Amino acid sequence: MLGIVQEARTAVATAFFVNGVLFGTWVSRIPAVKASVSLSEATLGIALLCMGLGTLLALPITTLLFGRFGSRPVVGAAALSCCLVLPLAGGAPSLRSLAATLVCFGAAMGTMDVAMNAQAALLERTAGRSIMASFHGLWSLGGLAGAGLGAVFAARGSEPLHHFVPVSAALAVVGVASTRGLLRDRPDARSARPRAWPSRRALAVGLLASCGAVIEGGIAEWSGVYLRESLGAPASVAATGFAVFSLTMMVGRFTGDRLIDRLGRVRLLTGGSALTGAALAGALWWGDARAALVAFALAGLGMSTVFPIAFSVAGTLGGTAPGHAIAAVATMAYGAGLAGPPLIGFAAALTSLPIALWVLVVAATAITAFAGRAVRGRPGWLPVDDR
1 MLGIVQEART
11 AVATAFFVNG
21 VLFGTWVSRI
31 PAVKASVSLS
41 EATLGIALLC
51 MGLGTLLALP
61 ITTLLFGRFG
71 SRPVVGAAAL
81 SCCLVLPLAG
91 GAPSLRSLAA
101 TLVCFGAAMG
111 TMDVAMNAQA
121 ALLERTAGRS
131 IMASFHGLWS
141 LGGLAGAGLG
151 AVFAARGSEP
161 LHHFVPVSAA
171 LAVVGVASTR
181 GLLRDRPDAR
191 SARPRAWPSR
201 RALAVGLLAS
211 CGAVIEGGIA
221 EWSGVYLRES
231 LGAPASVAAT
241 GFAVFSLTMM
251 VGRFTGDRLI
261 DRLGRVRLLT
271 GGSALTGAAL
281 AGALWWGDAR
291 AALVAFALAG
301 LGMSTVFPIA
311 FSVAGTLGGT
321 APGHAIAAVA
331 TMAYGAGLAG
341 PPLIGFAAAL
351 TSLPIALWVL
361 VVAATAITAF
371 AGRAVRGRPG
381 WLPVDDR
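If you're matching positions, the sequence shown starts at 1 in the numbering used here and goes up one per residue.
Below you can see the structure in the form of structure tokens.
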């Protein structure tokens, strides 16, 4: 049994890493794709929105696939689809073809995301201890690896297509081969009900994940602008805002499992979100670039376990098909991640960016206030009460 669990853990870890590398590979070459297709900022925004919409459209279909086949084959099929579609984005000749390709790429990425999280939740129950956070840490590490490799290809002057083809081919081999070690889960007929409505508990967990997505998306898309235009920081400093956040988030995820087992999910969520809210509020009030960088670093630590805990809880909800609950949480989170940054932009246009960024403090406060209600109870392996 121990050998099966270890093999499955390696396979799930590989899936998370591959997914992260795929995302980092794409993100790192967005400027080159923009130039090759001659896109403006507005048309690039339309193309990027298509990727998010593809993810959202695919999530209900993913639950149907779980109902027919289980999550194991879905991971492999989605990984292969991602690797087949990504090179098409690199060689797209027009906005229309790029948008269509990104819809497919977003759908495949979203399907793989839900399927690998379902596998992680199943493995966590089988292993009897917290391991979800470390998988999300590997996703972050994969994203950094993909972005770093993209920087190398960009420095050599490689076209996106010539970069995406060899990387996708290698990831396809690794990703598909690793699925043989995944746990076999039985197809769940409850996941095949297209009109099944998520439980109240799943919606509550999805709300927590949505607040985390708003914070992540807000920092990702507005930290650089805030540092540069609102605080007058040099361009080199402004570029480090999201990097600092991502790095501390990765560290927090690799250490998160031990903290979850020691402190419990609710205490870690409330403590981390309180730290995030206080740090961001202090930095916005102080209005200093150095304080903002420290706040982004603390926010990365504070938010590092929100997604892992949300998916872990969704995978163990009683009376709900795990795939359906995870897909519901993912749909809410990705939807919030899409809507949050534009709403901050609209609020900034009406007031100012420093005022609009207080939305992130509100989101962190909401997690602090409602974590206990959404994540009540505790897994049997936790040594402390999670209430």
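For every residue, glycine included, the Cβ atom is placed at its ideal position computed from N, Cα and C. As the structure is a prediction and not an experimental result, all values here were calculated from the model.
For D288, three-class secondary structure by DSSP: coil
Burial state of R262, where buried means 16 or more other Cβ atoms lie within 10 Å: Counting Cβ neighbours within 10 Å, R262 comes out exposed, since fewer than 16 surround it.
8 Å Cβ cutoff met for T55 and G90: no
Taking Cβ positions, are H136 and F307 nearer each other than 8 Å? yes
Measure the Cβ-Cβ separation of P160 and S36 and say whether it is below 8 Å. yes
My output table needs one value for P93: the three-state DSSP class, helix, strand or coil. coil
Inter-stretch contact (C-beta, 8 Å, three-pair minimum) for the segment 167-186 and the segment 64-80: Counting Cβ pairs under 8 Å, three or more are found: they touch.
Start-end ranges of the beta strand (DSSP E) lying completely within the segment 249-284, minimum 3 residues: none
Go ahead and pull the three-state DSSP assignment for D185. coil
Could you pull out every residue in the same chain whose Cβ sits closer than 6 Å to the Cβ of L53, ignoring the five residues on either side in sequence? none
Can you tell me the Cβ-Cβ gap for F311 and A121, rounded? I've got them flagged as a contact below 8 Å. 6 Å
Can you tell me which of V174, C211 and H162 puts its alpha carbon nearest to the alpha carbon of V33? H162
Among L44, M332 and G340, which residue has its Cα nearest to the Cα of L207? M332
Since V85 contacts T62 with CB under 8 Å, what's their CB separation in whole angstroms? By a beta-carbon distance limit of 8 Å, V85 does not contact T62. Their separation comes to about 16 Å.
Under a Cβ-count criterion, where at least 16 other Cβ atoms within 10 Å of its own Cβ denotes burial, should R195 be classed as buried or exposed? Note on R195: pLDDT 46, under 50, position unreliable in the model; the coordinate value appears next. Classification for R195: exposed.
Do you know whose CA, among R29, G45, A369 and T25, lies nearest V205's CA? The shortest C-alpha to C-alpha distance from V205 to any of R29, G45, A369 and T25 is the one to A369.
So A356 is in the alpha helix (DSSP H); what residue range does that whole segment cover? L353 to A356
Of the residues L49, G224 and C83, the one placed nearest P234, counting alpha carbons only: G224
Let me make sure I understand the geometry here. Which of S304, A356, A238 and V361 has the alpha-carbon closest to that of R265? Closest option to R265, Cα to Cα, is S304.
Do you know offhand how far V375's Cα is from R267's? 10 Å
Q6, buried or exposed, once every other Cβ within 10 Å from all chains shown has been counted against 16: exposed
If you draw a straight line from the C-alpha of A147 to the C-alpha of F153, how long is it? 10 Å
Just how far apart, CA to CA, sit A339 and R258? Rounded to the nearest angstrom, the two C-alpha atoms are 33 Å apart.
Leaving out five residues on either side along the sequence, give the residues of the same chain with a beta carbon under 7 Å from the beta carbon of A8. L123, G181, L182 and L183
For I219, the first and last residue of its enclosing alpha helix (DSSP H): R200 to V225
How is the alpha helix (DSSP H) around V165 delimited, first residue to last? P160 to S178
By Cβ distance, which residues of its chain are closer than 6 Å to P379, with the 5 residues on each side in sequence left out? Its pLDDT being 44, under 50, P379 is placed unreliably by the model, and the measurement read from it follows with that caveat. There are no such residues.
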